[in-house]
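Inspection log for the structure reproduced underneath, given as structure tokens.
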Amino acid sequence: MTFLSNLINGISLGSVYAIIALGYTMVYGIAKMLNFAHGDVIMVGAYASYCTMIYLGWHPLLSILFSIVVCTLLGVIIEAFAYKPLRRAGSLAVLITAIGVSYLLQNVALLIWGSTPKVFTSVVNFEPLSFFGGKLTITAESIVTVLACIVIMICLTLFTQKTKIGKAMRAVSEDKDAAELMGINVNTTISITFAVGSALAAVAGVLLCSSYPTLVPTTGSMPGIKAFTAAVFGGIGSIPGAMLGGILLGIIEIFSKSYISTSLSDAIVFAVLILVLLIKPTGILGKKITEKV
Amino acid sequence: MDKMVPYPSNSIVPERDLDKKPILETHHLGVDFGGLTAVDDFSITVGRTEISGLIGPNGAGKTTVFNLLTNVYQPTRGDIMLDGMTTARKTCFQVNKMGIARTFQNIRLFSNMSVLDNVKIGLHNSINQNLFSAMTHLFNYGKSEKAARDEAMSLLEFFDMQDVADSEAGSLPYGAQRRLEIARALATHPKIILLDEPAAGMNPSETSELMENIRRIRDNFGIAVLLIEHDMKLVMNICEGICVLDHGKVIAKGSPDEIKSNPKVIEAYLGKKKEGDANA
Amino acid sequence: MRKFKSINKFTRTGIISYLLVILGFAIIFPLQQLGLINHSLSGQLVPICTYIVMALSLNLTVGFLGELSLGHAGFVSVGAFSGVIAAAGLQDKIAFEPLRLLIAVIIGGICAGIVGLIIGVPVLRLRGDYLAIVTLAFGEIIKNIINCLYVGVDKSGLHISMNDVKSLGMENGKIILNGPQGAVGIDQISSFTAGVILILFALFIILNLVNSKSGRAVMAIRDNRIAAESVGINISKYKLIAFITSSVLAGMAGVVYAMNYSTIVAKKFDFNTSILILVFVVLGGMGNIVGTIIATVVLYMLPELLREFSDFRMLIYAVILIVVMLLTNNEKVKLILSNTTGKLLSKSGKIIKWKGSADNG
């Protein structure tokens, strides 16, 4: 029974990673940049939701919507001011800028909310489900997280496959210059990608803090790094890959925590990532890159 | 120009190379990418000091052949004998050590480094310097660097580039970049050098200088040259043996005169070109 | 002046960087001895020196080899803790402190080098962002493992355990590494002088390497991997040489850094530290040795100088980071910079421009 409950916890945590990883992977696919500030957008999303719920007494759903709006705007603003001017610069310059943005967000949060942890009230207020006479309990948060993840996944797939903007996104990620020649506005497409990715980050932030309610300015860092790993794990640039990578990562993390060692769980997660990359250098669902000579 | 004579195995080489082992022989070489056959049944023989040409329409698989010969791609079928030794299961750098050097269609220089350093990198495997003396500049460091510098300078002089030795390679004019790439390839002491469209982007006077250089390379270093080129004037002028490739298959082999009059070649290649740029 | 310009570019860089370090030492050391430097700055001297070495060594991987490493702090960490353990083990045997430090530094360097080898062999096959993420992962793994490591020393020698202090099974021994609490009771034997000597050593190795057959091979791989392979360079070998040299130097820096404090925890060398070192390298200029030294000093001191802004200092730091990146990559600013510095630096005043017809290639 512990196995089952671990599995469910793993899938739930993995779903959060998956949602964050989707943001990473979309941005990477299109702008070919590692957006290290993505984890901190999660943190901002969680704070936005926290403040509206606690100080203004908003309904959780309303607070999530507010948080989505805040993060979307934030994502677009970051892209416009920090990344757009570097479109033609080297990838390291963009990486360092992203790190700068990450520091900036963390420190602004530190100034506004201080370093004392805030206790996040869960946005889900159902009773946990109990099975087998109380032997197996599934928290409402877990259910909502997994459901949210599935819904997002479906919507995102439909969005990229069916809509005009989605197709533009895929075109830009294949070949920026060719897409531009075909009349696609590359800048707008990239902005929209950031908007979508950041909106997902808001959802992830709220869900993450509902399950793990300690909220500090660095809350987003570690999940950010892990979700980034998940994206690479599944094959960066691939949407199903991010999903798969996220969920696998969550399961591995929870399992190694309960069966091997709590303190070594991160090491195990990263070790599995390395193994996967060594066997399949572009991730589980990543495309093979061939170099033209 | 020497008379072309049949070589016992499967092709022709210049008469002067007949009693020597050919430098390069391929037997039924082929490569598939996914389901697509890029090169099939490619067999040639290149004599010790032969200048030979590989021609064919765009997309015929010429550069793929070069990539196979230098083990950038591993062949699906067939084998390559370089100076009598197979190159199967060797990596790019090992094949170079065995005696094959190349240039690239889209110039690949170490553009942030000086012209001299580019040639010195070509000399890499002949510089006698271990890691310890590299890190401490002790022992034979000074001697080996001096030897490398001298040899690199003499190679640059061969191409009349000694004056730009300290310039950044990426800042050179186009023609000079092409020459530098050849100099760098020669620095690896090859037995055969592969030139991938050496005249691309050159004006007629640069091209005739290039032709002269290719002959000088053969005569001075005593090595074979295999080149891909679209400039028919150049090919017909300097190549002794020509191999024509179309859709990954060899459609004709022979001396320039034979190729010029080969109906298959005219149909597949020259026939399509109405301007008739093969009127050499 | 003309004569100075005519010397090889690498030799010139070498002279400038050695002079810079020696001059810095010659000015600061007497002031420190006379007690003219305030306490907080004096405490920063060893860290600055070691961060310079960390940045220089990372520059070897990022600037000269052209591979992004996000786990450099991992090697610093391996060096630091193995050095601390070695020094503690030798405390009774070698009384002369500089010698003990030297041995600890060498052991730290070797251990970091071995880890570099273990990581490098499988990982250097990967390229670009994948290599970056794997180095990040390794950095985190190293941090995690050291966080769970218990090491003690008694008469019978070293005891190592992954569980807790008790399982070390020591009698009257001394605990060196106490799991998450890190290394405790370190004898603080490193000094500003040791730090400066280490910088000079790192400069010696890196500058020599860059201006040699091996260094040219490494830079050739960076500039054009396929061409490098085509002229007979063994890519894996030279990647590994650069990577291991980089990790050995980082490990050595770790030892000198750790021996400056009485306690040190594994968390000190996490992802953020790796990033910090990377920032020094990128702002200093990739492959630019003098720039790396200056950037490290300035950026390390910056938060200190901003101390009067207290809460805002990290915020200002972040903003400066972003603005510098945006400005240095701005076409207009670049043009202005190259116009001013170009006049100063161009050797003959004649710049050969690329005139080729790209369309035909």
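Residue numbers (the working numbering), protein chains in the order written: chain R, 5 to 297; chain C, 81 to 360; chain D, 6 to 366. The beta carbon of each residue, even a glycine, is placed where N, CA and C say it ideally should be. Keep in mind that this is a model prediction, so the values were computed, not measured.
With DSSP as the reference, label residue i as helix, strand or coil.
i, result
"Lys95(C)", "This sequence places Glu at residue 95(C); Lys is not what is there. If DSSP states are grouped into helix, strand and coil, Glu95(C) belongs with the helices."
"Lys248(R)", "According to the sequence displayed, residue 248(R) carries Leu and not Lys. It is helical."
"Asn365(D)", "Low per-residue confidence applies at Asn365(D): pLDDT is 30, beneath 50, and the placement is therefore not dependable, though the value from the model is reported in the following sentence. Asn365(D): helix per DSSP, three-state reduction."
"Glu231(C)", "helix"
"Arg227(D)", "helix"
"Glu313(D)", "helix"
"Asp357(C)", "Unreliable positioning characterises Asp357(C) in this predicted model, as indicated by a pLDDT of 49, which lies under 50. The coordinate reading is nonetheless provided below. Three-state result, Asp357(C): coil."
"Lys355(D)", "Model confidence at Lys355(D) stands at a pLDDT of 32, short of 50, so the residue's coordinates are unreliable and nothing is read from them."
"Cys172(C)", "helix"
"Phe113(C)", "strand"
"Cys323(C)", "strand"
"Leu349(D)", "Per-residue confidence for Leu349(D) stands at a pLDDT of 43, beneath the threshold of 50, marking its modelled position as unreliable; no derived number is given."
"Asp270(R)", "helix"
"Ser166(D)", "strand"
"Ile273(C)", "strand"
"Lys101(C)", "coil"
"Lys166(R)", "helix"
"Ala332(C)", "strand"
If we ignore side chains and look at the alpha-carbon of each, how far apart do residue i and residue j end up?
i, j, result
"Glu375(R)", "Ile124(D)", "Nothing can be reported for residue 375(R): it is not among the residues displayed for chain R, which extend from 5 to 297."
"Asp228(D)", "Leu70(D)", "9 angstroms"
"Lys271(C)", "Thr129(C)", "9 angstroms"
"Ser211(D)", "Lys242(D)", "Note that residue 211(D) corresponds to Ile in the displayed sequence, not to Ser. Answer to the nearest angstrom: the Cα atoms are 17 angstroms apart."
"Ile202(D)", "Ile32(D)", "15 angstroms"
"Ser341(C)", "Leu116(C)", "31 angstroms"
"Gly190(D)", "Val244(C)", "60 angstroms"
"Asp159(D)", "Ala109(D)", "18 angstroms"
"Val145(C)", "Gly164(C)", "19 angstroms"
"Leu65(R)", "Val127(R)", "7 angstroms"
"Ala247(D)", "Arg221(D)", "11 angstroms"
"Leu61(D)", "Ser219(D)", "17 angstroms"
"Asp337(C)", "Val345(C)", "12 angstroms"
"Leu63(D)", "Ile282(D)", "7 angstroms"
"Leu214(D)", "Met37(R)", "32 angstroms"
"Ala199(D)", "Met59(D)", "15 angstroms"
"Ile288(R)", "Ser265(R)", "26 angstroms"
"Ile42(D)", "Ala255(D)", "28 angstroms"
"Tyr216(R)", "Lys180(R)", "39 angstroms"
"Arg188(C)", "Ile231(D)", "8 angstroms"
So, using beta-carbon positions, are residue i and residue j closer together than 8 angstroms?
i, j, result
"Leu108(R)", "Val324(D)", "yes"
"Leu212(R)", "Ile100(R)", "no"
"Thr250(D)", "Leu65(D)", "yes"
"Phe274(D)", "Ala85(D)", "yes"
"Ile272(R)", "Val139(D)", "no"
"Ile169(R)", "Gly14(R)", "no"
"Ser279(D)", "His77(D)", "yes"
"Met173(R)", "Thr161(R)", "no"
"Leu219(R)", "Phe237(R)", "no"
"Phe18(R)", "Gly250(R)", "Here residue 18(R) turns out to be Gly, not Phe, going by the sequence shown. The answer is yes: Cβ separation under 8 angstroms."
"Asn198(C)", "Leu260(C)", "yes"
"Gly245(R)", "Ile24(R)", "no"
"Ala118(C)", "Gly133(C)", "no"
"Val270(D)", "Gly187(D)", "yes"
Would you please verify whether the beta carbon of residue i is less than 8 angstroms from any beta carbon of chain E?
i, result
"Tyr221(C)", "Reference to chain E is not applicable here, since the protein chains of this structure are R, C and D."
Which whole runs of the beta strand (DSSP E) in the stretch 117-141 of chain C are 3 residues long or more, in chain order? If we require 3 residues or more, the beta strand (DSSP E) runs fully inside the stretch 117-141 of chain C come out as 131-135.
Would you list, in sequence order, the uninterrupted beta strand (DSSP E) runs of no fewer than 3 residues that lie entirely inside the stretch 37-66 of chain D? Restricting attention to beta strand (DSSP E) runs no shorter than 3 residues, the stretch 37-66 of chain D encloses none.
Enumerated in chain order, which unbroken segments of the alpha helix (DSSP H) with a length of 4 residues or greater are wholly contained in the stretch 42-109 of chain R? At a cut-off of 4 residues, the continuous stretches assigned as alpha helix (DSSP H) that sit fully inside the stretch 42-109 of chain R are 42-58, 64-82.
Is it a yes or a no for the stretch 210-225 of chain R touching the stretch 191-200 of chain R, going by three-plus beta-carbon pairs under 8 angstroms? Using a C-beta cut-off of 8 angstroms, the stretch 210-225 of chain R makes no contact with the stretch 191-200 of chain R, since fewer than three inter-stretch Cβ pairs fall below that distance.
At which residue ranges does the stretch 276-306 of chain D contain complete alpha helix (DSSP H) runs of 4 or more residues, listed in the order of the chain? Counting only runs of 4+ residues, the alpha helix (DSSP H) found wholly inside the stretch 276-306 of chain D occupies 276-289, in chain order.
Tell me, please, whether the stretch 67-86 of chain R touches the stretch 171-190 of chain R by the rule of three or more beta-carbon pairs shorter than 8 angstroms. The stretch 67-86 of chain R is not in contact with the stretch 171-190 of chain R.
Given 8 angstroms as the limit, is there contact between the stretch 229-238 of chain C and the stretch 254-263 of chain D, that is, 3 or more CB pairs closer than that? Short answer: they don't touch.
Within the chosen definition, does the stretch 86-95 of chain R reach the stretch 146-157 of chain R through at least 3 CB pairs nearer than 8 angstroms? Segments in contact, no.
I want to know whether the stretch 294-311 of chain D touches the stretch 225-240 of chain D - three or more CB-CB distances under 8 angstroms. Result no; under three Cβ-Cβ pairs closer than 8 angstroms.
Counting only runs that start and end within the stretch 210-259 of chain R, where is the alpha helix (DSSP H) found for 4 or more residues in a row? The stretch 210-259 of chain R is shown to contain whole alpha helix (DSSP H) runs of 4 or more residues at 225-238, in chain order.
Scan the stretch 129-165 of chain D and note each continuous alpha helix (DSSP H) run of 4 residues or more that stays entirely inside, going in chain order. As far as the stretch 129-165 of chain D is concerned, its whole alpha helix (DSSP H) runs of at least 4 residues are 133-152.
I want to know whether the stretch 263-280 of chain C touches the stretch 192-206 of chain C - three or more CB-CB distances under 8 angstroms. Output reads yes: the stretch 192-206 of chain C touches the stretch 263-280 of chain C.
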